[in-house]
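Chains as they are written, first to last, in this note's numbering: chain B, 3 to 365; chain W, -13 to 266. In what follows, a structure is listed as structure tokens, so that the remarks can point back to it.
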């Protein structure tokens, strides 16, 4: 079967996408982290870059490996590409007769292809697809997105996608998926667009030993340090008085890093940005966090005035009420909230504590 | 795709100062193509927008008519925050934005043929006035109508003449409670739950609409259940931070429910195990 692309031919994939009008984004080292940035050629891919991720820690390591995708993930998933961190929804203009005119502001969405997408992030994109199904701002970006996944071969210590069922290999919702080997890639298509791309590439027949290597690589990537503990999602919200919340609230800075890097978190706030001359005003939205002070605010009252309530909201939503809302947990095991937490809080540890009977306290 | 996030222009026809900080805006939609928004149902809400300041969710109070018989949309607002104060400052003739209607209203069809019991506290009466007016406009569809309104101070009572009018109608019970009553307050001084005990309820054929502070709604619902009203016949109107009004922005989540989309009016059994929990 012709499904093998030698590494030397990878630039032809990029060129093909450029020729077909795509803006191509690919992983690159920016500010000591892996970010998706416009990709002119494959020589800016993070060749030989591996990672150390631990609670509160994210570091890149240069190795002499020829591989370009031997890292787990960067601080951002696909979320900023479809759910813009800040955007104008509509604009109101004050007319000379005192009347108001409202106009919709939709961004110019351009067909965009992303190379190097992870299974955990595809699963999170599917979660956002559910949540924003009726949102025109999200949809116009999403509809123009071409997704080229690369199976994760080097999960970080913070990863637990194998236990959530969302990785390390790309399972669904991709157009094209690549398994990286030292000298090239095994390709599989997930859509008609992906199949069309494969026919345009100088693919070679793959060998059995290459597939054996890919299988072994996959089995190795499934052996992850962290695992999602067993818990009852329906019970989480009823455990509001468990002492585990006090313990985590003592450490948590309520900074919102976890929600910013989370690929499924969807909260946003809306605000007005009026022109200084008073002639018009942009109604914008930007990412919000349930850790922000204003999130639960309503005419003079905060439903969650302290960190304990906010952390509890985040965790019980992500792992509990999300199941009721969308039929599965809101966590896809990417581990970003662990790495990017400045104090290294691990929500899996909180879930473990919640699963234990609370210790009796003397009254 | 029509964008549900885009407001329509509304003209302030009139403005009524109800109390020191509560006012009612009487609004007319300026574009003929926007008149479908008048299909708003009792219990639903609109997002009202002050140019350059922002939006707030305000439940619908009533649809009345102007001198030419054109429909007028009424919203009663307490000036308490940045946007509501900006709206409070607007005189008749000014234009605002309005988008909606949003959310689930009172279960009008389910209430048909039933006794209707409307229990409200404070400004919670505004979203409930709409269903009381609806019931009197379609009087034969409903049995007995019970109305209980509670206020913190007797001076806070809105629409007193309207309550007095309803009290004189046949098959209607109207009771008022003030936590603190000034001299001359003709009604009860104390909590609404005490008045609920006195209601001549027919629990097997009563539908309850309740709107007010959450502890008041919870105490009322539990009292009604003690009086044999089935929990599923009790409906509460909930309130949370709402910004998008379409179940996307996440602020109004109450457990798994998005209050703006799945509510604001919801059956008590769906809320019962979460009401009163800290931080939900």
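Beta carbons: idealized from backbone N, C-alpha and C, even for Gly.
Min CB distance residue -13 of chain W to chain B below 8 Å: Looking up residue -13 of chain W in the second chain gives position 1. Residue placement at residue -13 of chain W is flagged as unreliable, the pLDDT there being 39, under the threshold of 50; the coordinate-derived value follows with that caveat. Interface residue, yes.
Assigned exposure category for residue 207 of chain W - 16 Cβ within 10 Å defines buried: Position 221 of the second chain, counting from 1, holds the residue named residue 207 of chain W. Residue 207 of chain W counts as buried, since no fewer than 16 other beta carbons sit within 10 angstroms of its beta carbon.
Neighbouring residues, chain B, relative to residue -7 of chain W (Cβ below 9 Å): Reading the second chain from its first residue, position 7 is the one you call residue -7 of chain W. The contacting residues are 92, 94, 102, 104 and 285.
Chain-order list of residues whose beta-carbon lies under 8 Å from that of residue 141 of chain W (same chain, five-residue window excluded): Your numbering for residue 141 of chain W matches position 155 in the second chain. Residues of the same chain with a CB within less than 8 Å of the CB of residue 141 of chain W, apart from the 5 flanking positions on each side, are 5 and 168 in chain order.
Inter-stretch contact (C-beta, 8 Å, three-pair minimum) for the stretch 325 to 335 of chain B and the stretch 111 to 129 of chain B: With a cut-off of 8 Å, the stretch 111 to 129 of chain B and the stretch 325 to 335 of chain B count as touching, because enough Cβ pairs lie within range.
Cutoff 8 Å: residue 71 of chain W Cβ touching any chain B Cβ: The residue you call residue 71 of chain W lines up with position 85 of the second chain. No, because no Cβ of chain B sits closer than 8 Å to the Cβ of residue 71 of chain W.
Residue 138 of chain B beta carbon less than 8 Å from that of residue 183 of chain B: Against the first chain, residue 183 of chain B aligns to sequence position 181. Against the first chain, residue 138 of chain B aligns to sequence position 136. Residue 183 of chain B places its beta carbon 8 Å or farther from that of residue 138 of chain B.
Close Cβ partners of residue 304 of chain B (< 8 Å) along its chain, the five nearest in sequence each way excluded: The sequence position of residue 304 of chain B within the first chain is 302, counting from 1. Same-chain partners within the cutoff: 295 and 298.
Inter-stretch contact at 8 Å, needing at least 3 Cβ pairs: the stretch 271 to 282 of chain B / the stretch 342 to 360 of chain B: Touching, no.
Segments assigned alpha helix (DSSP H), at least 4 residues, entirely inside the stretch 67 to 123 of chain W: If we require 4 residues or more, the alpha helix (DSSP H) runs fully inside the stretch 67 to 123 of chain W come out as 68 to 74, 94 to 97 and 111 to 123.
Interface positions of the stretch 30 to 50 of chain W facing chain B (Cβ-Cβ less than 8 Å), listed along the chain: Flagged, chain order: 35, 37, 38, 39, 40 and 41.
For residue 224 of chain W, three-class secondary structure by DSSP: Stepping through the second chain from its first residue, residue 224 of chain W is reached at position 238. If DSSP states are grouped into helix, strand and coil, residue 224 of chain W belongs with coil.
N-terminal and C-terminal residue of the alpha helix (DSSP H) that residue 179 of chain W is part of: Numbered from 1 along the second chain, position 193 holds the residue referred to as residue 179 of chain W. Per DSSP, the continuous alpha helix (DSSP H) segment holding residue 179 of chain W begins and ends at 178 to 184.
Sequence-distant residues of the same chain with beta carbon closer than 8 Å to residue 206 of chain B, five excluded per side: The sequence position of residue 206 of chain B within the first chain is 204, counting from 1. Correct list, in chain order: 4, 6, 7 and 8.
Endpoints, the alpha helix (DSSP H) within which residue 215 of chain W is located: For the purposes of this step, residue 215 of chain W is taken as residue 229 along the second chain, with counting starting at 1. That residue, residue 215 of chain W, is in no alpha helix (DSSP H); it is neither H nor E in DSSP.
Residue-chain proximity (residue 0 of chain W, chain B), Cβ-Cβ < 8 Å: Translated into the one-based positions of the second chain, residue 0 of chain W becomes position 14. Put simply, the CB of residue 0 of chain W is far from chain B, with every gap to its CB atoms at 8 Å or more.
C-beta neighbour in chain B for residue 239 of chain W, strict 8 Å: As a position in the second chain, residue 239 of chain W is number 253, starting the count at 1. Yes, its Cβ sits closer than 8 Å to a Cβ of chain B.
Amino acids of chain B, ordered along the chain, whose beta-carbon sits closer than 9 Å to that of residue 223 of chain W: Here residue 223 of chain W refers to the residue found at position 237 when the second chain is read from its first residue. Close partners of residue 223 of chain W in chain B (Cβ separation under 9 Å) are lacking, with about 14 Å as the shortest Cβ gap.
Given 8 Å, three or more beta-carbon pairs between the stretch 110 to 128 of chain W and the stretch 84 to 99 of chain W: They touch, by the three-pair rule.
is_contact[residue 136 of chain B, chain W] using C-beta, thresh 8 Å: Within the first chain, the letter at position 134 stands for residue 136 of chain B. By the rule that beta-carbons nearer than 8 Å mark a contact, residue 136 of chain B touches chain W.
For residue 254 of chain W, three-class secondary structure by DSSP: Along the second chain, read from residue 1 onward, the residue named residue 254 of chain W stands at position 268. DSSP places residue 254 of chain W in helix when its eight states are reduced to three.
CA nearest to the CA of residue 79 of chain W, picked from W/-1, W/171 and W/261: Against the second chain, residue 79 of chain W aligns to sequence position 93. Out of W/-1, W/171 and W/261, the CA that lies nearest to the CA of residue 79 of chain W is found in W/-1.
Beta-carbon spacing of residue 24 of chain W, residue 63 of chain W below 8 Å: Working through the second chain from its first residue, we reach residue 24 of chain W at position 38. Working through the second chain from its first residue, we reach residue 63 of chain W at position 77. Between residue 24 of chain W and residue 63 of chain W, the C-beta spacing is not below 8 Å.
Residue 231 of chain W burial status per 10 Å Cβ neighbour count (16 or more: buried): Residue mapping note: residue 231 of chain W aligns to position 245 of the second chain, counting from 1. Answer is buried; the Cβ neighbour count reaches 16.
Residues, ordered as in the chain, of the stretch 293 to 323 of chain B that lie near chain W by beta-carbon distance below 9 Å: 296, 297, 298, 299, 300, 301, 302, 305, 306, 307, 308, 310, 311, 312, 314, 315, 318, 319, 322 and 323: these are the residues of the stretch 293 to 323 of chain B whose beta carbon lies less than 9 Å from some beta carbon of chain W, given in chain order.
Start-to-end residues for the beta strand (DSSP E) that takes in residue 94 of chain B: By one-based count along the first chain, residue 94 of chain B stands at place 92. Note, residue 94 of chain B: beta strand (DSSP E), 88 to 96.
Close Cβ partners of residue 185 of chain B (< 7 Å) along its chain, the five nearest in sequence each way excluded: For this step, residue 185 of chain B is matched to residue 183 along the first chain. So the list reads 8 and 9, once near-sequence residues are dropped.
Contact with chain B by residue 75 of chain W, beta-carbon distance below 8 Å: The residue you call residue 75 of chain W lines up with position 89 of the second chain. With 8 Å as the cut-off, residue 75 of chain W does not count as an interface residue toward chain B.
Close beta carbons around residue 216 of chain B, own chain, < 6 Å, minus the five adjacent residues each side: Position 214 of the first chain, counted from the first residue, corresponds to residue 216 of chain B. Taking residue 216 of chain B as the centre and dropping the five residues before and after it, the same chain places the C-beta of 181 and 188 closer than 6 Å to its C-beta, in chain order.
Same chain, Cβ closer than 6 Å to residue 42 of chain B, five either side skipped, listed in chain order: Taking the first chain and counting its residues from 1, the one referred to as residue 42 of chain B is at position 40. If the five residues before and after residue 42 of chain B are omitted, its C-beta is found closer than 6 Å to no C-beta atom of its own chain.
is_contact[residue 263 of chain W, chain B] using C-beta, thresh 8 Å: Along the second chain, read from residue 1 onward, the residue named residue 263 of chain W stands at position 277. Interface residue, yes.
Complete alpha helix (DSSP H) runs within the stretch 189 to 229 of chain B (minimum length 4 residues, chain order): Runs found: 194 to 201 and 210 to 224.
Buried/exposed call for residue 278 of chain B, threshold 16 Cβ in 10 Å: By one-based count along the first chain, residue 278 of chain B stands at place 276. Under this definition residue 278 of chain B is an exposed residue.
Selection from W/252, W/185 and W/-7 that minimises the alpha carbon distance to residue 84 of chain W: Residue numbering aside, residue 84 of chain W sits at position 98 when the second chain is read from its first letter. Checked all of W/252, W/185 and W/-7; the closest Cα to residue 84 of chain W is W/-7.
Completely contained alpha helix (DSSP H) runs for the stretch 114 to 173 of chain W, where each covers 4 or more residues: Runs of the alpha helix (DSSP H) inside the stretch 114 to 173 of chain W: 146 to 153.
Residues near residue 247 of chain B in its chain [Cβ-Cβ closer than 6 Å; skip 5 each side]: Residue numbering aside, residue 247 of chain B sits at position 245 when the first chain is read from its first letter. Same-chain partners within the cutoff: 310 and 314.
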